[in-house]
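For the sequence shown, position 52 matches number 1292 in the numbering used here, and the numbering has no gaps at all. Glycine residues also receive a C-beta, built at the ideal position from the N, C-alpha and C atoms. Values in this document were obtained by computation on a predicted structure and should not be read as measured data.
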Amino acid sequence: MSILIPDIGRKNEKSKIEMLEQWFKELIYPGAVEYFIETPAGHGSPEEQKRVYCLYTEENQYTIVAIERKDGEDYLSCSATARKARPGEGWLRGNDLPDGPFTRKTWDRIIYAIVSYEMVKLSPFQKPNKAPK
């Protein structure tokens, strides 16, 4: 994944967007990030850079928005949207996931929320741990 963004005033410092790209690489080992992460939109101005990333699973789409601002008020957020409607519904369900300052802590909360969102409950009819007497 290679995204070029203009300098927004932070000299000799790795940009937050570059840090995020490294965090994506940590998730996709081994493999090429561009095979798993879509970058459909990027917006920029002299005051801020905004990137949108999409991750897909069988059931859901996760949209991560990263905003790097010249004033240092950087922001990271995530939302989840179902990829197909439930029977009888004509819309796609979705939820906001964690958001906050553009930090590793916020990133970790987002990744944990995605993992949690994808987990499924065990069947109540699972095999017993012990043979019945």
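Distance, Cα to Cα, residue 1340 vs residue 1362? 32 Å
Is the beta carbon of residue 1320 closer than 8 Å to that of residue 1342? no
Local Cβ density within 10 Å of residue 1345, reported as buried at 16 or more and exposed below that: exposed
So the candidates are 1303, 1323, 1315, 1314; which of them puts its Cα closest to the Cα of residue 1280? Of 1303, 1323, 1315, 1314, the residue nearest in Cα terms is 1303.
3 or more residues per run - each beta strand (DSSP E) lying fully within the region 1274-1330: Counting whole runs of 3 or more residues, the region 1274-1330 contains the beta strand (DSSP E) stretches 1277-1284, 1288-1296, 1300-1309, 1315-1322.
Determine the direct distance from the alpha carbon of residue 1278 to that of residue 1181, and round the result to whole angstroms. Past the edges of the chain, shown from 1241 to 1373, lies residue 1181, and the structure says nothing about it.
Can you check which of these residues, 1314, 1354, 1313, 1301, is closest to residue 1332 by C-alpha distance? For the residues 1314, 1354, 1313, 1301, the minimum Cα distance to residue 1332 belongs to 1301.
Would residue 1314 be called buried (16 or more neighbouring beta carbons within 10 Å of its own) or exposed? Counting other Cβ atoms within 10 Å of its Cβ, residue 1314 reaches 16 or more and is therefore classed as buried.
Taking all protein chains shown into account, decide if residue 1275 is buried (16 or more other Cβ within 10 angstroms of its Cβ) or exposed. Label assigned to residue 1275: exposed.
Decide if residue 1258 is buried, meaning its Cβ has at least 16 other Cβ atoms within 10 Å, or exposed. With fewer than 16 other Cβ atoms within 10 Å, it is exposed.
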